[in-house]
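A.B. asks: Those letters in the sequence shown? Residues -30 to -1, 1 to 344, by mature numbering (1 follows the signal peptide of the UniProt record, and there is no 0).
Glycine included, every Cβ here is placed at the ideal spot set by N, Cα and C.
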Amino acid sequence: MNTASMRRPSRGWLLAMSLTIALPSATVCASPATPRAWLVAKGDAQAVLVGESHLPTPVERDSYHDTVVQPSYAVADAAIMETYFGPEQMRNEAFERGAPCSNDLRDRQTARLGPAFDALIAATRANGLPVPDWMSNWQLMPEFLLTSIYLDRFAVDALGPAYDAALVRLGGGVSLRLRASAKGGPRTMLGLDSLKTLRLQFCAASASERHDFLADKVDKTAALMRLKLADPGYASLDGLTATAGRVLAQYVACVDRATPCSLDALSADVRQLERAGWATAYSAGTVELSLRQRTRAWLPQIVRAIGTHRRSFVIVGALHLPDLRIGAKVEPGLVTQLRAQGFSVTPIASAADIATTFLAPTWSERLRATLGRL
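Set out below in C-alpha cells:
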C-alpha cells in the first residue's frame, strides 16, 4: 500500500488503500501533455485504461488530464481502481481466523527481515515515537504484517498532519483527485485488490519471496520515518513530485516498446524515490507479489467489468501496463494481457482520439439532453 494515499478518518481521510479528500483545484502545467491512457474495446464495450503514479506529480496535472482522463472518468458507468478499497476489499477472513501461512521447511528464508525491522525501530525512536509491540515482536507471525493494516496504519499515524498538509498542497494522486472532484463520476466503483486476495497470494509465494516482499515494505516505511526526521515540514516533497513525474513518463513510454523495459536497470530517479520512501525496491519477492501475481489477478476482474458495463474507466499504477524484462524473462503487462483476451488496445493521443467513441454521448444520454431542453 502507498502511504501517500492512505489517511485516517480523523483528518478527513477514510482508512483504506486510498481515500477521498477535499483537494484544491489542480494547476495545469505549462509543459507538453504526456499521453498515458489507452482505449480498450471489444464489441460494444469500451474502457479507458489509465496509468498513474498514485502520487502528486506535475505530469498528471496537465491538459491531458483535463481533456482525456477526467472527462473519461466523468462519463464512465463504472470505475475500476487499484487504489479503491471499499468494504469488500477490506474483508480478510483468513486473518480474522488467525491462520498463519503454512511453511515448507525446505524453503530458504531471507536474512533481510530482521535488519529491516531494526532500521524501522531505530528511525521510529529517533523521531521520538513509541515502538508498537507488534513491531518489536514481528518474529511471531511476520506474514500478518502484510495483509493486516498494522504497518500502513503506523505510517499514517507516524507521518502526522504535516505530511497530510503537504500532500493536499501538492494536489494528491489522480485517483484521489478524480473521486474528490465535484464534476461527477461513475455510479459503480470497484477495487482490484482485497486483503483476503492479497493474503492468499502472499501465502502462495515461497518463504524467501514473502520475507523479501515484507522487508521491502518495512524498508520503505523506515525511509519515510527518516524523511520525517530530516524534514518535519516535508518541504522536500516539492522536489520529489518532479522526480515521480519523470518516472511515470518512463513507465508509460515502455508500453508497446519493441524491447521491453528492464527492471534490472532502474534509473537514478527511481533510486531517489526509494531513498525517500516514495517507491519500493523491487526484490524478487516484490516483483512476484506486487507485479506478476497482482497484474494477473486483476485481468479477469477487469475483463468482467468491461463486459458488464458499456463504458468503464480503469486506472492502475503505470508499471503494471508495459511488458517488463525481469532477469532473462519477459513478464507481459496489462496491455499485452488484455490483447491476448481479444481486446483492441490503442493509445489515446488526445481527446480527439476518443471524441467519437468513448466520449460520444449514448442514445439515452442524447435523449435525456433533448428532454432537458424542452
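1. Alpha carbons only, please: which of Gly142, Pro230, Thr158 is nearest the one belonging to Phe283?
2. Count the other CB atoms, across all protein chains shown, that sit within 10 Å of the CB of Ser106; report buried if there are 16 or more and exposed otherwise.
3. Cα-Cα, which of Glu30, Val225, Ala275, Ala235 is closest to Ser145?
4. Between the Cα of Pro156 and those of Arg281, Ala330, Pro292, Arg147, spot the shortest distance and give me the residue it belongs to.
5. Could you tell me the alpha carbon to alpha carbon distance between Gln242 and Leu304, rounded to whole angstroms?
6. What residue does the alpha helix (DSSP H) around Phe283 start on, and which one ends it?
7. Scan the segment 139 to 176 and note each continuous beta strand (DSSP E) run of 3 residues or more that stays entirely inside, going in chain order.
8. For Pro41, name the three-state secondary structure that DSSP assigns.
9. Report the partner residues of Lys299 according to the DSSP bridge assignment.
10. Using alpha carbons as the reference points, say which of Thr94, Phe183, Arg139 lies closest to Leu193.
11. How do the segment 261 to 271 and the segment 159 to 166 stand: do at least 3 beta-carbon pairs fall below 8 Å, yes or no?
12. Can you tell me the Cα-Cα spacing of Phe172 and Arg180, whole angstroms?
13. For Pro100, count neighbouring C-beta atoms within 10 Å of its own C-beta (all shown protein chains included) and say buried if the count is 16 or more, exposed if not.
14. Just to confirm, is the Cβ distance from Leu83 to Pro112 under 8 Å?
15. Taking DSSP's pairing of strands, which residues face Ile50 in a bridge?
16. Under the assumption that Ala3 contacts Tyr34 (Cβ atoms under 8 Å), give the Cβ distance between them as a whole number of angstroms.
17. Measure the Cβ-Cβ separation of Pro288 and Val222 and say whether it is below 8 Å.
18. Grab the span of the beta strand (DSSP E) containing Ser314 for me, first residue to last.
19. Does DSSP put Gln16 in a helix, in a strand, or in coil?
20. Taking buried to mean at least 16 other C-beta atoms within 10 Å of its own C-beta, is Gly(-19) buried or exposed?
21. May I ask which residues mark the beginning and end of the alpha helix (DSSP H) holding Phe328?
22. Determine, using beta carbons only, whether Val240 and Val225 come nearer to each other than 8 Å.
23. Determine, for Thr316, whether the minimum Cβ-Cβ distance to residues of chain E falls below 8 Å.
24. Looking only at DSSP bridge pairs, what is Val10 linked to?
25. Return the bridge partner residues of Glu22 from the DSSP annotation.
26. With 16 other CB atoms within 10 Å as the buried threshold, where does Glu58 fall?
27. Under three-state DSSP, which class holds Ser253?
28. So, for Thr37: in the same chain, excluding its five sequence neighbours on each side, which residues have a beta-carbon less than 6 Å away from its beta-carbon?
29. Rounded to a whole number of angstroms, what is the C-alpha to C-alpha distance between Ala(-9) and Lys153?
30. Considering only C-alpha positions, which residue in the set Ala298, Gly143, Ala135, Arg227 is nearest to Glu22?
31. Taking the alpha-carbon positions, what's the Leu137 to Ala219 distance?
32. Classify Lys198 as buried or exposed, calling it buried when 16 or more other Cβ atoms lie within 10 Å of its own Cβ.
33. Under 8 Å Cβ to Cβ from Leu308, same chain only, skipping five residues before and after it: list those, please.
34. Rounded to the nearest angstrom, what separates Ala330 and Val39 at their Cα positions?
35. Taking the alpha helix (DSSP H) that Asp208 belongs to, which residues open and close that run?
36. Pick from His24, Arg149, Ser176, Pro28: whose alpha carbon is nearest that of Val257?
C.D. replies: From the atom records:
1. Thr158
2. exposed
3. Glu30
4. Arg281
5. 26 Å
6. Here Phe283 belongs to no alpha helix (DSSP H); instead the beta strand (DSSP E) covers 281 to 287.
7. 158 to 161
8. helix
9. Ile296
10. The displayed chain sequence assigns Ala, not Leu, to residue 193. The shortest C-alpha separation from Ala193 is found at Thr94.
11. yes
12. 6 Å
13. exposed
14. yes
15. Leu160, Val284
16. 4 Å
17. A quick correction: the sequence has Ala, not Pro, at residue 288. Contact: yes.
18. 314 to 317
19. strand
20. Note that Gly(-19) scores a pLDDT of 29, beneath 50, so its modelled location is shaky and nothing firm can be said.
21. No alpha helix (DSSP H) contains Phe328, which DSSP labels as neither H nor E.
22. no
23. No chain E appears in this structure, which consists of one protein chain only.
24. Ala17, Val315
25. Gly287
26. exposed
27. coil
28. Ala321
29. Residue confidence for Ala(-9) is low, a pLDDT of 28 falling below 50, so the modelled location carries little weight; the figure read from the coordinates is stated next. In a straight line, the C-alpha of Ala(-9) is about 13 Å away from that of Lys153.
30. Gly143
31. 20 Å
32. buried
33. Val10, Leu19, Leu269, Ile272, Val273, Val315
34. 15 Å
35. 207 to 223
36. Ser176
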